[in-house]
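**Q** Sharing a structure below in structure tokens format, with a few things to ask.
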Amino acid sequence: MLAMSAWLLSVITRDYSWVDRLWPICPALYCLLVASDNDFGSARMNLMTALVFVWGARLTFNFARKGGFQKGGEDYRWVVVQQKLDPVAFQLLNVSFFALGQMLLVWLFTSPVHQAWLWRQAPLNWVDAVATVLFLVLLAGETIADEQMWRFQQDKKQRIAYGQDIETPFITTGLFCYCRHPNYFCEIAMWWVFYLFAVAASGQWLHWTGLGCVLLTLQFIPSARLTESISASKYPTYRNYQASTPAIFPLPRIGTRSR
Numbered sequence: 196m197l198a199m200s201a202w203l204l205s206v207i208t209r210d211y212s213w214v215d216r217l218w219p220i221c222p223a224l225y226c227l228l229v230a231s232d233n234d235f236g237s238a239r240m241n242l243m244t245a246l247v248f249v250w251g252a253r254l255t256f257n258f259a260r261k262g263g264f265q266k267g268g269e270d271y272r273w274v275v276v277q278q279k280l281d282p283v284a285f286q287l288l289n290v291s292f293f294a295l296g297q298m299l300l301v302w303l304f305t306s307p308v309h310q311a312w313l314w315r316q317a318p319l320n321w322v323d324a325v326a327t328v329l330f331l332v333l334l335a336g337e338t339i340a341d342e343q344m345w346r347f348q349q350d351k352k353q354r355i356a357y358g359q360d361i362e363t364p365f366i367t368t369g370l371f372c373y374c375r376h377p378n379y380f381c382e383i384a385m386w387w388v389f390y391l392f393a394v395a396a397s398g399q400w401l402h403w404t405g406l407g408c409v410l411l412t413l414q415f416i417p418s419a420r421l422t423e424s425i426s427a428s429k430y431p432t433y434r435n436y437q438a439s440t441p442a443i444f445p446l447p448r449i450g451t452r453s454r
């Protein structure tokens, strides 16, 4: 229902970011529905729901301040993709990947809450404690990365408005010293950590709810490549940043760091 609604809205409005607007909301609603089915009687499900609500609130705030919920707030990358494909191919991609695929993925990486529901009698344990701490640390890391990017972009806009020179047109400082997409790293790792709650509930380290984490990880790779192809086409020096700094997984930077 949500997937088809997002697809229809995208066709009507020619704005292909409707799924992006649902992305921070749906996981919290899924968790809330599962927790409410047990009358909020499971401490683990309540904890998972609370963490996902905090995650969703942060992501919604960051998306909103960038104008994502406003008219014309479409992700610039979809415009680039649309220009590369013929109309029929793009609409097939729109309905299969943007709408159905993304909504299925959201459900899959949130699905550990269903495992927690199946094992709702299992008490909280040390795995839950580790997962909670790691989730909050990664959430803080993603918040810091997004804030650093926001401040950089605002400063860049101000400098352009005043006709000032911009030494580096893309961010290379802060957490972006360690990888080119620290927010991607934190997002991927956060949902792998969320999977640990299902492990804590069931006592099984491997089960089907980990599929969402795998697919989410795989999705971020082409997403990063698309973003970087656009950046490299705009800024020739971006190639140097790519050569010296890992893409998603943070490592000590090769060579001299940008100041």
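One rule links them: number in the working numbering = place in the sequence shown (from 1) + 195.
For each residue, glycine too, the CB sits at the ideal point set by N, CA and C.
1. Restricting to Cα atoms, I'd like to know which of Val-394, Gln-277, Lys-351, Tyr-357 is closest to Asn-320.
2. Should Ile-366 be labelled buried (16 or more other beta-carbon atoms within 10 Å of its own) or exposed?
3. In or out: Lys-222 buried (at least 16 other Cβ within 10 Å) or exposed?
4. By the DSSP assignment, the alpha helix (DSSP H) with His-402 in it spans what residues?
5. Straight-line CA distance for Ala-317 to Val-247?
6. What residues in its chain sit with their C-beta under 8 Å from that of Val-275, if we drop five residues either side in the sequence?
7. Would you mind stating whether Leu-242 and Thr-327 have Cβ atoms separated by less than 8 Å?
8. Taking Cβ to Cβ, would you say Gln-349 is nearer than 8 Å to Phe-371?
9. Would you check if the segment 257 to 276 and the segment 199 to 219 touch, i.e. whether three or more CB-CB distances between them fall below 8 Å?
10. I need the DSSP call for Thr-368, collapsed to helix, strand or coil.
11. Which one of Phe-293, Tyr-390, Leu-331 has the shortest CA to CA distance from Gln-310?
12. Going by C-alpha distance, which of Tyr-433, Gly-262, Phe-285 is nearest Arg-216?
13. By Cβ distance, which residues of its chain are closer than 7 Å to Phe-444, with the 5 residues on each side in sequence left out?
**A** Inspection of the coordinates gives the following:
1. On the sequence shown, position 125 is the one that residue 320 refers to. Here the closest residue by C-alpha is Val-394.
2. Along the sequence shown, read from residue 1 onward, the residue named residue 366 stands at position 171. When all chains shown are included, Ile-366 counts as buried.
3. Taking the first residue of the sequence shown as 1, we reach residue 222 at position 27. Reading off the sequence, residue 222 comes out as Pro, not Lys. Per the 10 Å Cβ criterion, buried.
4. As a first step, residue 402 must be located in the sequence shown, where it is residue number 207. Counting along the chain, His-402 falls outside any alpha helix (DSSP H), and DSSP gives it neither H nor E.
5. Within the sequence shown, residue 317 is the residue found at index 122, counting from 1. Within the sequence shown, residue 247 is the residue found at index 52, counting from 1. When rounded, the distance between both Cα atoms is 20 Å.
6. Indexing the sequence shown from 1 puts residue 275 at position 80. Only Leu-421, Ile-425 meet the Cβ criterion.
7. Position 47 of the sequence shown, counting from 1, holds the residue named residue 242. Position 132 of the sequence shown, counting from 1, holds the residue named residue 327. Yes.
8. Here residue 349 refers to the residue found at position 154 of the sequence shown. Here residue 371 refers to the residue found at position 176 of the sequence shown. No, these two residues do not count as a Cβ contact at 8 Å.
9. yes
10. Here residue 368 refers to the residue found at position 173 of the sequence shown. Note: Thr-368 maps to coil in three-state DSSP.
11. What you label residue 310 is simply residue 115 of the sequence shown in a count that begins at 1. Residue Tyr-390 is the option with its Cα nearest to Gln-310.
12. Numbered from 1 along the sequence shown, position 21 holds the residue referred to as residue 216. It is Gly-262.
13. As a working mapping, residue 444 is identified with position 249 in the sequence shown. Closer than 7 Å at the Cβ level, and outside the excluded window around Phe-444, lie Cys-374, Phe-380.
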